[in-house]
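**Q**
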Amino acid sequence: MIDVNAYLGHFAFRQLRHNTAAGLLRLMDSRRIERAVVSSASAITYRNSQSGNEEVAEEVKGRRDRLIPLAVINPFYAGWRDDLKICHEEFGMKGLRMYPRWHNYRLADPACLDLVSEAAERGMVISIPVRVEDRRQRSWLLDVPDVPLEEIADLVRARPRAQYILVNGTGFVNSPLGRENSGLPSNYAIEISRLSAVMANEIGQLVANLGSGRIVFGTGMPFNYPDPALVKLEVLEAGEDVKEQIRWRNVARLLGLPSAAK
Amino acid sequence: MRWHTPKLMPRRAFLETVGLAATTCSGLARAPAAQQRTKVIDCHAHLQHHSRRSWQEDDRKLIEAADKLGIDQLCCSILTPRQPATAEGFRECNQWMAEGMQRFPGRVLGYCYVNPGYGREALDEVRRSVEERGFIGVKLYNEYRATEPVVWPIVELTIELRVPILHHAGHSLSLGEEQPRISDGGHLAELARRYPEAVLICGHIGGGGDWEWTIKALRNAPTVYLDTSGSVIDEGIIEMAARVLGADRLVFGCDNSMTGGVGKLRAASLSAADRQGILGGNMRRILGRRGTK
Chain Z
235 MIDVNAYLGH FAFRQLRHNT AAGLLRLMDS RRIERAVVSS ASAITYRNSQ SGNEEVAEEV
295 KGRRDRLIPL AVINPFYAGW RDDLKICHEE FGMKGLRMYP RWHNYRLADP ACLDLVSEAA
355 ERGMVISIPV RVEDRRQRSW LLDVPDVPLE EIADLVRARP RAQYILVNGT GFVNSPLGRE
415 NSGLPSNYAI EISRLSAVMA NEIGQLVANL GSGRIVFGTG MPFNYPDPAL VKLEVLEAGE
475 DVKEQIRWRN VARLLGLPSA AK
Chain F
3 MRWHTPKLMP RRAFLETVGL AATTCSGLAR APAAQQRTKV IDCHAHLQHH SRRSWQEDDR
63 KLIEAADKLG IDQLCCSILT PRQPATAEGF RECNQWMAEG MQRFPGRVLG YCYVNPGYGR
123 EALDEVRRSV EERGFIGVKL YNEYRATEPV VWPIVELTIE LRVPILHHAG HSLSLGEEQP
183 RISDGGHLAE LARRYPEAVL ICGHIGGGGD WEWTIKALRN APTVYLDTSG SVIDEGIIEM
243 AARVLGADRL VFGCDNSMTG GVGKLRAASL SAADRQGILG GNMRRILGRR GTK
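For the protein sequence lines, the chains are Z and F, in the order given.
Under this note's numbering, the first residue of the first sequence carries the number 235, and numbering increases by one thereafter.
Under this note's numbering, the first residue of the second sequence carries the number 3, and numbering increases by one thereafter.
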């Protein structure tokens, strides 16, 4: 299995456990998760997110066979182009995560569109966490809303050459992002950690609407327990071939991992 | 490179095998297998209000989800779509709840939902529901804070009837804006100090905002149980609750977030005995008080 939604480092508002490379790998081993796509949790609130990227690059050294690092880039911070270049060329990061609400911008802002274009030129995937944590437990210091799905839909339409992985989201079936024949490009995949697999069964609906090649496995570790996402896959009423796509094949293809060529 | 494909777990095995898949991350030692399957009781669930066109199908899907996940019984209430509930509104909900208990006999247990502001009408509804219709407890929502005197007669009646109150709760800046009279763990602790004989269940630790605050607020209120339900699946939430309150004060629930509710219990580092207590033993003890002296 490949988890597309994992993190290393500290988060400003809550203690995280299993947040070192060694700790996360132990947690992954206990759940038979082979690889995880990780970025810096600290970079969400660092003013200079590149410090978080440097921490992650250092942390994954010697563990690149299992931990796939992504950069966190704020397109309104000085030197982001330099940071992107370093993350891609020196740190070997295959993509980036964007936090438009935490970093106080909109996905339609020209600077953001420039970042997406440059990432696409480099062949880097763009991961957009719809939220970091549940808004009901927000700190008294700040109130960060979820990224509206409509804004993401506008972005995937505006920059169709980029490849996106949308994590920590829900409600896609009520948005153009989750509807069949919505007119949007098929340049995005949706991760399952907040999707239902029973009752409303949003995962099943998205497989039906978008195809099984567009859904990817993710847990949100170590913010989240990994088991809820694992349970979803276990109870999902779908064929084993579909589940294999969700477990790893789709993301292996998106990230150009060697096994995708098999 | 070869990718590992995990074996699929047979249906109804999710919770009986908890502790097998999960490991303690301090030592990563496998937990011992449960000796005997616990009857799993979801202490916090809802059937749908009948104004919802799909209520029958939605109720059926809830039972199907429980089947898949190995949940034996669901303690349910039906709430009015808007609060404050009128007396007519909560009586209608409880009538549908009684019918739901008949539709799913032995599977669905009912809480009687009332708005305490209706005084005698609310008290009569609670007594009738518990004594004549077999309801297992009372559900209070956000019409009043748990500490307001209007709530006290309801609490006194539940003491007499020896049934629990499942109280909607949350400590949250955003919830407080939407629900100005929502109770939090501190209010429930205060109510418990006034009525130590009452059995109170603080609702959805995973759906009530700052869960660390709530757990700490309940530390010194030993008669208040905490339900594990809610959509929030933050790593560590169950372990902190067990460490601060004791596992014997935790009761398993989903509040209709089914895979999250099951997944966080499966994931948490707990002893087999503690896990079994949370999954059903503690709630069975609470339910066993009804009708006893």
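Glycine included, each C-beta is placed from N, C-alpha and C at the ideal position.
(1) Can you find the residues in the same chain that come closer than 6 Å, C-beta to C-beta, to Z/Ala-277, ignoring five residues on each side of it along the sequence?
(2) With a threshold of 16 other CB atoms inside 10 Å of the CB of F/Gln-104, please say whether the residue is buried or exposed.
(3) Run through chain F and tell me which residues come within less than 8 Å of Z/Phe-457, C-beta to C-beta.
(4) With 9 Å as the C-beta to C-beta threshold (strictly closer), list the residues of the stretch 247-261 of chain Z near chain F in chain order.
(5) Between which two residues does the beta strand (DSSP E) containing F/Lys-141 stretch?
(6) Can you grab the Cα-Cα spacing for the pair Z/Asp-237 / F/Leu-159, in whole Å?
(7) Indicate the three-state DSSP secondary structure (helix, strand or coil) for Z/Gln-249 in the structure shown.
(8) Taking 7 Å as the line, does the beta carbon of F/Ser-259 fall inside it for any heavy atom of the ligand PLP?
(9) Give the interface partners of F/Arg-268 over in chain Z, defined as CB-CB distance under 9 Å, in chain order.
(10) Could you tell me the alpha carbon to alpha carbon distance between Z/Pro-419 and Z/Pro-394, rounded to whole angstroms?
(11) Check whether the Cβ atoms of Z/Phe-451 and Z/Leu-250 sit closer than 8 Å, and answer yes or no.
(12) Taking only runs of the alpha helix (DSSP H) that begin and end inside the stretch 122-193 of chain F, which ones reach a length of at least 4 residues, in chain order?
(13) Applying the criterion that 16 or more other CB atoms from any shown protein chain within 10 Å of the CB defines a buried residue, is F/Gln-58 buried or exposed?
(14) Let me confirm a value: Z/Glu-293 is counted as buried when at least 16 other C-beta atoms fall within 10 Å, else exposed. Which label applies?
(15) Please name the residues in the stretch 168-182 of chain F whose beta-carbon is closer than 8 Å to at least one beta-carbon of chain C, in chain order.
(16) Select from the stretch 377-394 of chain Z all residues with a C-beta closer than 7 Å to any C-beta belonging to chain F, and list them in chain order.
(17) Do Z/Leu-489 and Z/Lys-477 count as a contact pair if the criterion is CB distance below 8 Å?
(18) Determine the chain Z residues that contact F/Thr-40 at a beta-carbon separation under 9 Å, and present them in chain order.
(19) Relative to the C-alpha of F/Glu-127, which candidate in F/Asn-96, F/Trp-154, F/Gly-119 has its C-alpha closest?
(20) By DSSP, does Z/Met-235 sit in helix, in strand, or in coil?
(21) Cβ of Z/Gly-329 within 8 Å of Cβ of Z/Ser-361?
(22) I'd like to check one pair, Z/Ala-291 with Z/Phe-325: are the Cβ atoms closer than 8 Å?
(23) On the criterion of 16 or more Cβ atoms from any shown chain inside 10 Å, does F/Ala-35 qualify as buried, or is it exposed?
(24) Would a C-beta distance cut-off of 8 Å place Z/Gly-473 and Z/Asn-239 closer than the cut-off?
**A** The structure says:
(1) Here residue 277 of chain Z is taken as the residue at index 43 of the first sequence, counted from 1. Within the same chain, Z/Ala-277 has close Cβ partners Ser-283, Gly-286, Val-306.
(2) The residue you call residue 104 of chain F lines up with position 102 of the second sequence. With fewer than 16 other Cβ atoms within 10 Å, it is exposed.
(3) As a first step, residue 457 of chain Z is located in the first sequence; it is residue number 223 there, counting from the start. Residues of chain F passing the Cβ test: Asp-236, Glu-237.
(4) Correct list: Arg-248, Gln-249, Leu-250, Arg-251, His-252, Gly-257, Arg-260, Leu-261.
(5) Position 139 of the second sequence, counted from the start, is the residue given in the question as residue 141 of chain F. Start and end: 139-142.
(6) Position 3 of the first sequence, counted from the first residue, corresponds to residue 237 of chain Z. Position 157 of the second sequence, counted from the first residue, corresponds to residue 159 of chain F. Approximately 51 Å between the Cα atoms of the pair.
(7) Locating residue 249 of chain Z in the first sequence gives position 15, where the first residue counts as 1. Looking at Z/Gln-249 - three-state DSSP - the assignment turns out to be coil, as it is neither helix nor strand.
(8) Questions concerning the ligand PLP fall outside what the structure shown contains, since it holds no ligand whatsoever.
(9) Here residue 268 of chain F refers to the residue found at position 266 of the second sequence. The answer, in chain order, is Tyr-459, Asp-461, Pro-462, Leu-464, Val-465.
(10) As a position in the first sequence, residue 419 of chain Z is number 185, starting the count at 1. As a position in the first sequence, residue 394 of chain Z is number 160, starting the count at 1. Rounded to the nearest whole angstrom, the CA to CA distance from Z/Pro-419 to Z/Pro-394 is 6 Å.
(11) Translated into positions along the first sequence, residue 451 of chain Z becomes position 217. Translated into positions along the first sequence, residue 250 of chain Z becomes position 16. In this structure, Z/Leu-250 does not lie closer than 8 Å to Z/Phe-451 by Cβ.
(12) Runs found: 122-135, 154-163, 175-180.
(13) Here residue 58 of chain F refers to the residue found at position 56 of the second sequence. Exposed, by the Cβ-count rule.
(14) Looking up residue 293 of chain Z in the first sequence gives position 59. By the 10 Å Cβ count, Z/Glu-293 comes out buried.
(15) Here the protein chains are Z and F, and chain C is not one of them.
(16) Hits within the stretch: zero.
(17) Taking the first sequence and counting its residues from 1, one reaches residue 477 of chain Z at position 243. Taking the first sequence and counting its residues from 1, one reaches residue 489 of chain Z at position 255. Contact: no.
(18) On the second sequence, residue 40 of chain F is found 38 positions in, with the first residue counted as 1. Within 9 Å Cβ-Cβ: nothing; F/Thr-40 doesn't reach chain Z, min ~18 Å.
(19) Mapped onto the second sequence, residue 127 of chain F falls at position 125. The candidate whose alpha carbon is nearest that of F/Glu-127 is F/Asn-96.
(20) Along the first sequence, one-based indexing puts residue 235 of chain Z at 1. If DSSP states are grouped into helix, strand and coil, Z/Met-235 belongs with coil.
(21) Working through the first sequence from its first residue, we reach residue 329 of chain Z at position 95. Working through the first sequence from its first residue, we reach residue 361 of chain Z at position 127. For Z/Gly-329 and Z/Ser-361, yes; Cβs fall inside 8 Å.
(22) As a working note, residue 325 of chain Z is residue 91 in the first sequence. As a working note, residue 291 of chain Z is residue 57 in the first sequence. Contact flag set, yes.
(23) Position 33 of the second sequence, counted from the first residue, corresponds to residue 35 of chain F. The predicted model places F/Ala-35 with a pLDDT of 47, which falls under 50 and marks its position as unreliable, so this point remains unresolved.
(24) Indexing the first sequence from 1 puts residue 473 of chain Z at position 239. Indexing the first sequence from 1 puts residue 239 of chain Z at position 5. Taking 8 Å as the Cβ cut-off, Z/Gly-473 and Z/Asn-239 do not qualify as a contacting pair.
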